[in-house]
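*Asks:* Note that UniProt numbering numbers the sequence shown so that position 45 is 45, with each residue one more than the last.
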Amino acid sequence: MSANDKPADAAPEALPDVSEETLERMEARVFDAIADHRASQHARGRRRRRLWQGGAVAAAIVAVAAVISPAVMQGISGSGSGGATIGVTSEAGPGMPEIVQVPAEPDPLSGGDVGDGGSGAVREDAAVSPGTSSPLRAETAREVARTATAVVVVDDVEHAADAVAGLAAEHGGWVEQLSVGGDRRLVSPHGEYMPIPVPDDGGYVSIRVPAESLEAAMAALDDLGEVSSSRVHTEDVTTQALDLRARVDAARAFVERLQALLAEAASVSDLVEVETALAQRQSELESLEQQLEHLDGRVTMSALAVSLVTDAPPVEPDPTGFADGLRAGWNGLLATVNGIVVALGFLLPWVAVLGFTGAVVWAVARLVRRARRARDG
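1) Using a Cβ-Cβ cutoff of less than 7 Å, which residues in the same chain neighbour residue 109 once the five nearest sequence positions on both sides are dropped?
2) Closer than 6 Å by C-beta to residue 205: which residues in its own chain qualify, once you throw out the five before and the five after it? Chain order, please.
3) So, with DSSP's three-state summary, where would you put residue 304?
4) Assign residue 26 to buried or exposed, taking buried as 16 or more other Cβ atoms, counted over all protein chains shown, within 10 Å of its Cβ.
5) Taking only three categories from DSSP, how would you classify residue 150?
6) Could you say which of 219, 367 and 369 lies nearest to residue 228 if we only look at CA atoms?
7) How is the alpha helix (DSSP H) around residue 324 delimited, first residue to last?
8) By the three-class DSSP mapping on this structure, what secondary structure does residue 245 have?
9) Taking the beta strand (DSSP E) that residue 178 falls in, what are its first and last residues?
10) Between the stretch 286-302 and the stretch 258-265, can you find at least three pairs of beta-carbon atoms closer than 8 Å?
11) Looking only at its chain, what residues have a beta carbon closer than 6 Å to the beta carbon of residue 149, apart from the 5 residues adjacent to it on each side?
12) In the DSSP assignment, what are the bridge partners of residue 145?
13) Just how far apart, CA to CA, sit residue 326 and residue 342?
14) Using DSSP's beta-bridge definition, name the partner residues of residue 229.
15) Apart from the five residues just before and just after residue 152, which ones in its own chain have a Cβ nearer than 8 Å to its Cβ?
16) Do three or more CB pairs link the stretch 202-217 to the stretch 164-175 at distances below 8 Å?
17) I need the DSSP call for residue 206, collapsed to helix, strand or coil.
18) With 16 other CB atoms within 10 Å as the buried threshold, where does residue 157 fall?
19) For the alpha helix (DSSP H) that contains residue 167, what are its first and last residues?
20) Buried or exposed for residue 269, please, with buried defined as at least 16 other CB atoms from any protein chain shown within 10 angstroms of its CB.
21) Counting along the chain, where does the alpha helix (DSSP H) carrying residue 265 start and finish?
22) Which stretch, first to last residue, makes up the alpha helix (DSSP H) that contains residue 378?
23) So what does residue 274 bridge to, in DSSP terms?
24) Using alpha carbons as the reference points, say which of 361, 257 and 207 lies closest to residue 278.
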């Protein structure tokens, strides 16, 4: 056996003794290494968070730029490069007025671009002639549209409806809607059907009367029955009327200029362009005139809507004495018994069908069990 070989049962060699100072130095080094590792981990975490925050801010900036850049570019292109339109200038000679290409400008009538209709649209460069009305003319009187409603309790609905219609004729007005009895619908000004806000046995009459006769017409409703409720709605439409009149005057003046221009057209292309612009302006003028006519009609002729209802039947009082309570209890008992009888009559056919079905199933099951016992025995 060599010198290096040791017996298997030999005791292990004892470790050398280490002083307390050495152990403290070793522990200090280990703790310092742990602290350095933690510090480096925190530093890497802070750098990673800064990178993520910077990336998020950059992504947000890119997203905001992608959202607002189309609107900004559209606004720049819309303000800097409007489409060209045909303009009518006032510097032309005694012959055909000069037709030149001019940048599109806002339409003084509709608030939009005249060039919306294409290259054939015509724009008015010169001012309105002194003979036409000024859009800013002063109006001293206020224009007010009034609408009144009333609910009248009457004995005879048909007679009261005829009386309201006669009231409209008496004051120089007319009947817009009249419904009594079976017809439970009204036709709105837009051609739509609406339900009548009165009971089935009532009536509804809508009339138009001159504005100065509205109070007299409402006072005359007292002769038909009891006026349970009434309401007058007033709307000041002065600003709207002034705006419509100014737009109508400007549109009419422009149409007259285009008509004169059409009579002096020297070429087919000029004729087509002026006719296109004239048709568009005439359509706008007719629409504005209809709106103004409707508004003037609301001011000069007030609307009065009358709902005709009959007096409600008296309601029986609740039972107060012993006899009334006994009578109410007896009626309740009869109603309960009647309900039970009706329920039994309803359920009896179902019970018969279910009983027959159950008997058949029970008989078949019994035969099957008997056959099984006979086979097993």
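Glycine residues also receive a C-beta, built at the ideal position from the N, C-alpha and C atoms.
*Replies:* Here's the rundown:
1) Translated into the one-based positions of the sequence shown, residue 109 becomes position 109. With a pLDDT of 43 at residue 109, under the threshold of 50, the modelled position of that residue is not reliable, and the figure given next carries that caveat. Excluding positions up to five away in sequence, the list reads 247, 250, 251 and 284.
2) One-based indexing of the sequence shown puts residue 205 at position 205. These residues qualify, in order along the chain: 161, 164, 178 and 306.
3) Within the sequence shown, the letter at position 304 stands for residue 304. Of the three classes helix, strand and coil, the one that applies to residue 304 here is strand, per DSSP.
4) Position 26 of the sequence shown, counted from the start, is the residue given in the question as residue 26. Residue 26 comes out exposed.
5) Along the sequence shown, read from residue 1 onward, the residue named residue 150 stands at position 150. Residue state, collapsed to three classes: strand.
6) Indexing the sequence shown from 1 puts residue 228 at position 228. If we check each option's Cα against that of residue 228, 219 comes out closest.
7) Working through the sequence shown from its first residue, we reach residue 324 at position 324. That run of the alpha helix (DSSP H) goes 322-376.
8) Within the sequence shown, the letter at position 245 stands for residue 245. Three-state DSSP puts residue 245 in a helix.
9) Taking the first residue of the sequence shown as position 1, residue 178 is located at position 178. Here the beta strand (DSSP E) through residue 178 covers 174-180.
10) no
11) Your numbering for residue 149 matches position 149 in the sequence shown. Correct list, in chain order: 231 and 305.
12) Within the sequence shown, numbered from 1, the residue matching residue 145 stands at position 145. For residue 145, which the question treats as bridged, DSSP gives the partners 235.
13) Taking the sequence shown and counting its residues from 1, the one referred to as residue 326 is at position 326. Taking the sequence shown and counting its residues from 1, the one referred to as residue 342 is at position 342. Computed Cα separation, rounded: 24 Å.
14) If you number the sequence shown from 1, residue 229 lands on position 229. DSSP, once it has assigned bridges, lists 151 as partnering residue 229.
15) Within the sequence shown, the letter at position 152 stands for residue 152. So the qualifying residues of the chain are 160, 221, 224, 225, 226, 227, 228, 306, 307, 308 and 309.
16) yes
17) One-based indexing of the sequence shown puts residue 206 at position 206. Looking at residue 206 - three-state DSSP - the assignment turns out to be strand.
18) Within the sequence shown, residue 157 is the residue found at index 157, counting from 1. Buried is the call here.
19) Translated into the one-based positions of the sequence shown, residue 167 becomes position 167. 157-170 is the span of the alpha helix (DSSP H), which, as asked, contains residue 167.
20) Taking the first residue of the sequence shown as position 1, residue 269 is located at position 269. Looking at its Cβ environment, which holds fewer than 16 other Cβ atoms inside 10 Å, residue 269 is exposed.
21) Against the sequence shown, residue 265 aligns to sequence position 265. Note, residue 265: premise wrong, no alpha helix (DSSP H); not H, not E.
22) Shown here, the chain extends from 1 to 377; a query on residue 378 therefore has no answer.
23) Locating residue 274 in the sequence shown gives position 274, counting from the first residue. Looking at the DSSP assignment, residue 274 forms no beta bridge with any residue, so it has no partner.
24) Here residue 278 refers to the residue found at position 278 of the sequence shown. Taking only the C-alpha atoms, the option nearest residue 278 is 257.
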